[in-house]
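See structure below.
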Amino acid sequence: MLIVVLFITSVSVKDEFDITAKPTYIRDGDTFEVSDNVIRLADVSCPETYEVGGYDSTQALRYLIWDRTVYINIDDVYQTGPYGRLICLVYVSWNSTHYLNVNLALVLMGRATITNYDNEWNPRTWTLYVSK
Ligand SMILES: [Ca+2]
Ligand SMILES: [Ca+2]
Numbered sequence: 028m029l030i031v032v033l034f035i036t037s038v039s040v041k042d043e044f045d046i047t048a049k050p051t052y053i054r055d056g057d058t059f060e061v062s063d064n065v066i067r068l069a070d071v072s073c074p075e076t077y078e079v080g081g082y083d084s085t086q087a088l089r090y091l092i093w094d095r096t097v098y099i100n101i102d103d104v105y106q107t108g109p110y111g112r113l114i115c116l117v118y119v120s121w122n123s124t125h126y127l128n129v130n131l132a133l134v135l136m137g138r139a140t141i142t143n144y145d146n147e148w149n150p151r152t153w154t155l156y157v158s159k
């Protein structure tokens with residue numbers, strides 16, 4: 028009797044985390060700092076702080092990530108964008124089994140819009156929750 032065992036290796040989202048830390052400053056709705064790193068959320072845009080909606084977007088990002096551990100996936104293609112900011116997909120822990128995609132959460136909260144820039148991601152493939 029022949030027994031074939033298939034080992035299916037799945038890449039965990041954890042393998043893509045480049046930085047795990049708490050934010051040190053929220054600049055606006057799509058940009059925050061972790062120590063000396065400036066993190067720009069990939070493929071989303073928020074109004075500037077002086078524009079209509081800018082304050083609400085900043086508060087939304089603060090609500091999602093402030094005083095929480097953020098799990099940061101840096102763009103494999105270019106790493107940084109304009110002004111040397113790291114282009115990133117950011118997660119927070121949602122529950123014992125899932126992370127929350129912060130970039131997409133801001134969009135679904137109505138505080139950011141999607142623009143699919145050239146980088147590692149196609150935001151159409153994002154899901155709000157990702158398995159741990
Ligand atoms: Ca990456
Ligand atoms: Ca993209």
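All the letters of the sequence shown, read from the start, carry residue numbers 28 to 159 under the numbering used here.
Using N, Cα and C, we set each Cβ at its ideal position, and we do this for glycine too.
Keep in mind the model is a prediction, meaning the values are calculated, not measured.
Check whether residue i and residue j have beta carbons under 7 Å apart
i	j	result
Asp178	Ile114	Here the chain has residues from 28 to 159 only, and residue 178 is not among them.
Arg95	Val119	yes
Tyr105	Phe44	no
Asn128	Trp153	yes
Cα-Cα separation, residue i to residue j
i	j	result
Gly108	Ser62	18 Å
Asp145	Asp70	9 Å
Arg89	Lys159	23 Å
Gly56	Glu75	8 Å
Gly80	Arg112	22 Å
Ile141	Asn130	9 Å
Residue i (DSSP reduced to helix, strand or coil)
i	result
Val134	helix
Arg89	helix
Val54	This sequence places Arg at residue 54; Val is not what is there. Note: Arg54 maps to strand in three-state DSSP.
Tyr105	coil
Arg67	strand
Terminal residues of the beta strand (DSSP E) in which residue i lies
i	result
Tyr110	Where Tyr110 is concerned, there is no enclosing beta strand (DSSP E), given that its DSSP letter is neither H nor E.
Val157	156–158
Thr47	46–48
Which residues are close to ligand 1, meaning CB closer than 7 Å to any heavy atom, in chain order?
-> In chain order, the residues positioned with their C-beta nearer than 7 Å to some heavy atom of ligand 1 are Glu43, Asp45, Asn100, Ile101, Asp102, Asp103, Glu147.
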